[in-house]
Amino acid sequence: MHQLILPTLVYTLCWDLISNLVHSGVLKVYRMRQDRQGKLQAKNTLMDSVWPELLAGTLHCFVADITLLPLEIIMNRLHLQGSRAIVDNVLDARHVFPYLSSYSTAQQCVEALIDEEGAASLWKGLSAVLLQYTLRLTVVQTAKLALKYFRPQPKEHNDSLSVHVEQ
Numbered sequence: 431m432h433q434l435i436l437p438t439l440v441y442t443l444c445w446d447l448i449s450n451l452v453h454s455g456v457l458k459v460y461r462m463r464q465d466r467q468g469k470l471q472a473k474n475t476l477m478d479s480v481w482p483e484l485l486a487g488t489l490h491c492f493v494a495d496i497t498l499l500p501l502e503i504i505m506n507r508l509h510l511q512g513s514r515a516i517v518d519n520v521l522d523a524r525h526v527f528p529y530l531s532s533y534s535t536a537q538q539c540v541e542a543l544i545d546e547e548g549a550a551s552l553w554k555g556l557s558a559v560l561l562q563y564t565l566r567l568t569v570v571q572t573a574k575l576a577l578k579y580f581r582p583q584p585k586e587h588n589d590s591l592s593v594h595v596e597q
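The sequence shown begins at 431 in the working numbering and counts up by one.
What follows is the structure, encoded as C-alpha cells:
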C-alpha cells in the first residue's frame, strides 16, 4: 500500500502543475495575440469571453495527459498488483490471461514493464487518449462555430413603447 502513495501524489501534483502552466500560458498567448491585432476591447461578445477558456481548458488537459501518460501507466500497474485482474489478449482476441504482478517500488515496476513488454509499453493507451481529445476538440470547435454564427443579436430600441413625461 505504501508504494502507491508516492507515485499517486507525484502524478496528481505534476498533472495540476502542468495543467495550470499550460492553461495560464494559453490565455496569455491568446491575449498577446489579440493585443497585436488591436482587438482587445471590452469583451463585447460571448465568443470573446468564452472561447479562450474553452481552448485553454481543452489544451491544458491534453498536454498534461499526454505528458504524464507513462507515469499514469506505472501508477495503474502499481494499483492493479495483487488484484485478480483479467486482461484481454488484444493480439488475437481469443484468450484472456490473468494479470499477476508484485512490485515493491515504482522503479521495479518500470524496469519490469520495459524488460517484459518493451519501452513502447509506457505509451500504451496513447491512441485512446488521442481519440478522446480529437472528439473533445471537435466539440470545442463546434461550440466555437455556434458562438460565432449563432450569437444573439442586440435588441433594437423601439421608441413607440417608451413613455415620455413632460412637465
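Idealized CB from N, CA, C, for every residue including glycine.
Please read all numbers here as calculations on a predicted model, not as lab measurements.
Around the beta carbon of Ala494, 16 or more other beta carbons lie within 10 angstroms, which makes this residue buried. The stretch 481-495 and the stretch 572-582 touch, with no fewer than 3 CB-CB distances between them shorter than 8 Å. Cβ-Cβ separation between Leu508 and Pro437: approximately 6 Å, consistent with a contact (criterion under 8 Å). Inter-residue distance for Leu447 and Thr564 is about 23 Å (C-alpha atoms, whole angstroms).
Going by beta carbons, Leu498 and Cys444 fall inside the 9 Å limit. The Cβ atoms of Cys491 and Ser454 lie no closer than 9 Å to each other.
With a beta-carbon spacing of about 5 Å, Val456 and Leu489 fall inside the 8 Å limit used to define contacts. Its chain contains Leu508, Tyr533, Ser534, Thr535 and Ala536 as the residues whose beta carbon lies nearer than 8 Å to that of Gln433, once the 5 sequence neighbours on both sides are disregarded; these appear in chain order. Per the coordinates, the alpha-carbon of Leu451 lies some 31 Å from the alpha-carbon of Leu510.
If you look at Leu575, you'll find it in the alpha helix (DSSP H) that goes Leu556 to Tyr579. In the DSSP assignment, Tyr533 falls outside any alpha helix (DSSP H) and carries neither an H nor an E.
Residue environment: Met505 is assigned as buried (16 or more neighbouring CB atoms within 10 Å of its CB, all protein chains considered). The Cβ neighbour count for Ile503, taken over all protein chains shown within 10 Å, is at least 16; the residue is labelled buried.
Between Val559 and Ile496, the C-beta spacing is below 9 Å. For Ser551, there is no enclosing alpha helix (DSSP H), since its DSSP letter is neither H nor E. DSSP places Leu510 inside the alpha helix (DSSP H), whose first and last residues are Leu499 to Leu510. Per DSSP, the unbroken alpha helix (DSSP H) holding Gly455 starts and ends at His432 to Gln467.
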